[in-house]
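A.B. asks:
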Amino acid sequence: MTTRQDCDVLDQEDPLRELKQQFDLPAGTIYLDGNSLGVLPRETLGRVQQVIQKEWGQDLIKSWNTAGWIDLPGRIGDKIARLVGAAPGELIVADSTSLNLYKALSAALRISLEQAPERKVIVSERSNFPTDLYIAESLAQQLGLRLHLVDNVADIAATLNTDLAVLMLTEVNYRTGYKHDMKALTAAAHAAGALVIWDLAHSAGAVPVDLNGAKADFAVGCGYKYLNGGPGAPAFVWVHAKHAQRCWQPLSGWLGHAAPFQFTPDYQAAAGIKRFICGTPALLSLAALECGVDTVLAAESLGGMQALRKKSIALTELFIELAESRCAALGIRLASPRDENQRGSQVCLSLDAPLHEAGYAVMQALIARGVIGDFRAGDPARLDEVPHILRFGFTPLYIGFADVYDAVEHLVQVLKNEEWKRPEFNTQGAVT
Ligand SMILES: *Cc1c(COP(=O)(O)O)cnc(C)c1O
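Residue numbering for the sequence shown follows my numbering, beginning at 2 and increasing consecutively.
So this is what it looks like as structure tokens:
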């Protein structure tokens with residue numbers, strides 16, 4: 002079994018160890034929730050302060066031109082493009098993931114309905130992040146279409162038929178960390194005559210993504226998770242070049258117009274991806290997002306996303322090894338795929354009976370010890386298939402091997418000493 006000393010050696014030999022210096026992490030905290038809210042980069046405070054004091058405070062409205070505010074959604078978009086296999090000018094930062102999904106799914110459905118009006122089904126997974134399903138359900142209702150949800154990945158293949166308009170998947174599952182084969186599923190859906198939308202919320206900055214290599218049609222993603230953009234950071238949207246110049250999206254706001262400052266009463270879509278911008282972007286949040294994206298790009302000179310992925314796999318493999326060898330007898334079970342190729346940058350654990358209702362309290366007890374992950378409730382009707390889980394994200398930019406060892410040590414203590422039984426760990430907050 003890997004020892005604490007082994008972990009210290011792994012950290013010393015880690016070619017990415019210097020990247021941690023980019024962050025201001027609170028002392029005594031092992032932060033395993035970067036999949037939910039990324040950490041604060043050192044650069045962010047100064048940059049946002051500069052935008053507020055100088056660009057806004059002193060230069061006022063001139064900054065739209067002089068500080069390049071108007072170009073920021075595209076400039077940051079080009080940076081994110083480098084992380085997800087997109088070309089410059091193909092990806093734009095705007096709005097939230099939910100809104101971008103609404104735009105992208107509307108665009109994909111319009112293309113599909115024009116080409117093949119008899120295709121009336123959107124397919125996704127029941128285990129997809131709920132907002133994606135809610136948005137798809139709303140669009141299906143508006144357009145008289147049907148949202149079909151599969152329970153298992155293996156059931157997707159049977160839905161790739163002449164009824165299918167759009168296959169809408171999240172590459173890495175938010176609960177289990179299951180990672181789809183983007184290239185194979187995209188090719189299979191295309192062979193069936195359908196379009197594919199990928200949600201990269203748990204992929205961008207976490208795993209190498211090759212949107213153009215996979216020939217995907219649309220993608221959306223999140224700025225505040227692995228991209229470290231800060232709470233509520235703007236999200237992004239990408240459209241394949243073959244659709245970009247002609248596709249329509251429903252939120253035709255003025256900054257997605259070809260010439261917004263002509264103030265014409267009729268709408269003319271801007272060229273390419275810019276038409277996916279709706280209204281005025283949240284500048285302060287964009288400034289913070291750029292600092293976050295830069296922390297991931299800082300790995301480019303050290304091997305980029307491939308090197309981050311290699312370390313992420315090593316961290317998650319170590320966590321699984323230690324959690325299983327030290328906590329299985331205490332009622333802990335792996336709830337993420339064992340195969341590293343089917344796993345994103347997170348690992349989930351579930352709890353056996355009689356502990357399985359204690360997940361929330363176990364996580365609270367861990368957080369009190371400085372190990373921050375999160376808890377996701379299971380499906381009360383199907384706890385065998387969708388159990389309560391403890392979710393741990395491993396961000397190779399700032400998590401080391403000794404952190405993984407120490408996190409498991411804390412988990413052992415919480416379970417052995419039954420610390421989770423304390424009343425203060427058994428009251429639930431509004432956000433879990
Ligand atoms: C985190 C996440 C979102 C977040 O959507 P918001 O609009 O930013 O709240 C959407 N989809 C998936 C798959 C996510 O994991």
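Glycine is no exception: its CB is placed at the ideal position from the N, C-alpha and C atoms.
Note that the coordinates shown come from a computational prediction; the quantities given were computed from them, not determined experimentally.
Could you tell me which of 429, 415, 124 and 99 sits nearest to residue 377, measuring between CA atoms?
C.D. replies: The shortest Cα separation from residue 377 among 429, 415, 124 and 99 belongs to 429.
A.B. asks: Could you compute how far the alpha carbon of residue 355 sits from the alpha carbon of residue 330?
C.D. replies: Those two C-alpha atoms are separated by around 13 Å.
A.B. asks: State yes or no: is the C-beta of residue 200 within less than 8 Å of the C-beta of residue 221?
C.D. replies: For residue 200 and residue 221, yes; Cβs fall inside 8 Å.
A.B. asks: Below 7 Å CB to CB, which residues in the same chain sit around residue 162 once its five sequence neighbours on both sides are set aside?
C.D. replies: For residue 162, where only same-chain residues beyond five positions count, the Cβ hits under 7 Å are 193.
A.B. asks: With a cut-off of 8 Å on the beta carbons, I'd call residue 208 and residue 180 a contact; round off their distance for me.
C.D. replies: Their Cβ separation, rounded to whole angstroms, is 7 Å, which keeps residue 208 and residue 180 in contact under 8 Å.
A.B. asks: Heavy atom of ligand 1 less than 7 Å from the Cβ of residue 132, yes or no?
C.D. replies: Yes, since a heavy atom of ligand 1 falls inside the 7 Å radius drawn around the Cβ of residue 132.
A.B. asks: Spatial neighbours of residue 132 within its chain, please: CB distance less than 6 Å, with the 5 preceding and 5 following residues excluded, ordered by chain position.
C.D. replies: Correct list, in chain order: 99.
A.B. asks: When you compare the region 79-92 with the region 227-239, are there three or more beta-carbon pairs, one atom per stretch, that lie closer than 8 Å?
C.D. replies: Yes: at least three Cβ pairs fall under 8 Å.
A.B. asks: Assuming residue 335 contacts residue 321 (C-beta within less than 8 Å), just tell me the rounded distance between them.
C.D. replies: Right, their Cβ atoms sit about 6 Å apart.
A.B. asks: For residue 111 and residue 146, what's the separation of their Cα atoms in angstroms?
C.D. replies: One C-alpha to the other measures close to 12 Å.
A.B. asks: I'd like to know whether the C-beta of residue 107 is nearer than 8 Å to at least one C-beta of chain D.
C.D. replies: Chain labels in this structure do not include chain D; a single protein chain is all it has.
A.B. asks: Please specify which runs of the beta strand (DSSP E), each continuous and at least 3 residues long, are wholly inside the region 151-192, giving them in chain order.
C.D. replies: DSSP runs (the beta strand (DSSP E)) wholly in the region 151-192: 165-171.
A.B. asks: Going residue by residue through the region 282-344, where are the continuous alpha helix (DSSP H) segments of at least 4 residues, counting only ones entirely within it?
C.D. replies: Taking only runs of at least 4 residues, the alpha helix (DSSP H) segments lying wholly in the region 282-344 are 284-298 and 305-328.
A.B. asks: Starting from the C-beta of residue 79, find all residues in its chain whose C-beta is less than 6 Å away, skip the five residues before and the five after it, and write them out in chain order.
C.D. replies: Here the set comprises 89.
A.B. asks: Any heavy atom of ligand 1 within a distance shorter than 7 Å of the CB on residue 175?
C.D. replies: Residue 175: yes, Cβ under 7 Å from ligand 1.
A.B. asks: When we look at the beta-carbon of residue 385 and count the other beta-carbons within 10 Å, is it buried (16 or more) or exposed?
C.D. replies: Result: exposed.
A.B. asks: Alpha carbon to alpha carbon, how far is residue 422 from residue 364?
C.D. replies: Residue 422 and residue 364: Cα-Cα distance of roughly 11 Å.
A.B. asks: Return yes when the C-beta of residue 97 is under 7 Å from any heavy atom of ligand 1, and no when it is not.
C.D. replies: The answer is yes for residue 97.
A.B. asks: If we count the other Cβ atoms within 10 Å of its Cβ and call it buried at 16 or more, is residue 262 buried or exposed?
C.D. replies: Exposed, because fewer than 16 other Cβ atoms sit within 10 Å of the Cβ of residue 262.
A.B. asks: I need the straight-line Cα distance from residue 232 to residue 267, nearest angstrom please.
C.D. replies: Between residue 232 and residue 267, the C-alpha separation is close to 35 Å.
A.B. asks: Report whether the distance from the Cβ of residue 223 to the nearest heavy atom of ligand 1 is below 7 Å.
C.D. replies: Checking every heavy atom of ligand 1 against the Cβ of residue 223, one is found closer than 7 Å.
A.B. asks: When you compare each of 139, 213, 173 and 251 to residue 85 by their alpha carbons, which one comes out closest?
C.D. replies: The residue with the shortest Cα to Cα distance from residue 85 is 213.
A.B. asks: Which residue's Cα is closest to the Cα of residue 82: 348, 367, 327 and 298?
C.D. replies: With distances taken between Cα atoms, residue 82 lies closest to 298.
A.B. asks: May I ask you to report which of helix, strand or coil DSSP gives residue 222?
C.D. replies: In the structure shown, residue 222 sits in a strand (DSSP, three-state: E or B).
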